[in-house]
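If you read the sequences in order, they're chains A and B. To convert, take the position in the first sequence, counting from 1, and add 9; that gives my numbering. To convert, take the position in the second sequence, counting from 1, and add 52; that gives my numbering. Backbone N, C-alpha and C define an ideal beta-carbon position, used for all residues, glycine too. These notes are about the structure you will find just below.
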Amino acid sequence: AQTVTQSQPEMSVQEAETVTLSCTYDTSESDYYLFWYKQPPSRQMILVIRQEAYKQQNATENRFSVNFQKAAKSFSLKISDSQLGDAAMYFCAYKDHGNKLVFGAGTILRVKS
Amino acid sequence: DVKVTQSSRYLVKRTGEKVFLECVQDMDHENMFWYRQDPGLGLRLIYFSYDVKMKEKGDIPEGYSVSREKKERFSLILESASTNQTSMYLCASSLEGIFYEQYFGPGTRLTVT
Chain A
10 AQTVTQSQPE MSVQEAETVT LSCTYDTSES DYYLFWYKQP PSRQMILVIR QEAYKQQNAT
70 ENRFSVNFQK AAKSFSLKIS DSQLGDAAMY FCAYKDHGNK LVFGAGTILR VKS
Chain B
53 DVKVTQSSRY LVKRTGEKVF LECVQDMDHE NMFWYRQDPG LGLRLIYFSY DVKMKEKGDI
113 PEGYSVSREK KERFSLILES ASTNQTSMYL CASSLEGIFY EQYFGPGTRL TVT
């Protein structure tokens with residue numbers, strides 16, 4: 010079975026600084042997607058960024074980018090120029106053709122002003 | 053904008069009560085999902101549905117059932133609530149296909165006393 014591991018229960022970053030959240034996964038599939046979701050306090054979970062396993066180029070969405078290392082099964086999220094609104098729980102998730110998402114345990118990100 | 057709504061944000065029920073959690077999506081998505089979210093465990097899939105009247109068990113279906121009579125509505129039923137079902141329950145929906153992300157509702161925090 011596929012598993013997703015987020016080894017950092019909590020992270021802190023100073024406003025305007027850069028932070029990297031770690032995620033590793035385990036799968037024997039070759040075709041899959043990886044996602045980072047953001048869950049702000051008391052608000053709905055939203056998609057931050059997605060990466061297709063077949064694409065070597067790392068995905069980027071504004072201040073958010075990933076470092077996808079397929080051989081190492083690693084998928085980290087980098088947040089540049091951190092803002093107070095980035096404070097949230099971040100979940101790494103895996104999806105293959107089974108349609109189901111497999112989530113990590115989450116990382117709480119605190120942003121200090 | 054995709055909208056996924058859940059019938060209640062907060063719910064308090066007594067042990068042994070039958071509990072209904074309702075979820076509605078307005079984007080004609082084929083797939084709908086019910087998760088429970090617990091600290092340190094991330095999101096765990098309870099059930100999902102890929103079509104009207106079709107359902108599949110997720111990772112933790114024990115003590116739960118579901119109903120999908122219309123495409124836009126997916127209900128989670130706790131036949132006899134127990135204290136270990138106290139949790140945050142999240143509903144999600146998505147289009148069919150590996151590329152598509154899931155859209156989440158705001159969640160229902162259920163407390164069983």
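Query                                                                                                 : Result
Per DSSP, cross-strand counterpart(s) of arginine 96 of chain B                                       : B:Arg88
Under 9 Å (Cβ pairs) to chain B, residues found in the stretch 33-44 of chain A                       : Asp40, Tyr41, Tyr42, Phe44
For aspartate 90 of chain A, three-class secondary structure by DSSP                                  : coil
Whether serine 6 of chain A touches leucine 93 of chain A by CB criterion (8 Å)                       : The question about residue 6 of chain A has no answer, for chain A in this structure spans 10 to 122.
Top-ranked residue by Cα proximity to histidine 106 of chain A, from A:Tyr42, A:Thr116, A:Glu24       : A:Tyr42
Glutamate 121 of chain B burial status per 10 Å Cβ neighbour count (16 or more: buried)               : exposed
Straight-line Cα distance separating tyrosine 141 of chain B from alanine 102 of chain A              : 17 Å
Under the three-state DSSP convention, the category leucine 137 of chain B falls into                 : The sequence shown places glutamine at residue 137 of chain B, rather than the leucine named in the question. Helix.
Chain B contacts made by the stretch 89-117 of chain A, where a contact means CB separation under 7 Å : Phe100, Lys104, Asp105, His106, Asn108, Lys109, Leu110, Phe112, Gly113, Ala114, Gly115
Boundaries (first-last residue) of the beta strand (DSSP E) holding threonine 64 of chain B           : The sequence given here places valine at residue 64 of chain B; threonine does not occur at that position. Counting along the chain, the beta strand (DSSP E) containing valine 64 of chain B begins and ends at 62-65.
Neighbour flag for leucine 30 of chain A against chain B, beta carbons, 8 Å                           : no
Within 8 Å, strictly: CB atoms of threonine 57 of chain B and valine 71 of chain B                    : no
Lysine 109 of chain A beta carbon less than 8 Å from that of phenylalanine 156 of chain B             : no
Cα-Cα separation between serine 51 of chain A and lysine 79 of chain A, rounded to whole angstroms    : 33 Å
Residues that alanine 10 of chain A bridges to, as DSSP identifies them                               : Note: alanine 10 of chain A sits in no beta bridge, so no partner.
Through-space distance from glycine 159 of chain B to cysteine 143 of chain B, alpha-carbon basis     : 7 Å
is_contact[leucine 86 of chain A, chain B] using C-beta, thresh 8 Å                                   : no
Exposure label - threonine 116 of chain A; buried when at least 16 CB within 10 Å                     : buried
DSSP bridge partner residues for valine 56 of chain B (one or two, in chain order)                    : B:Gln77
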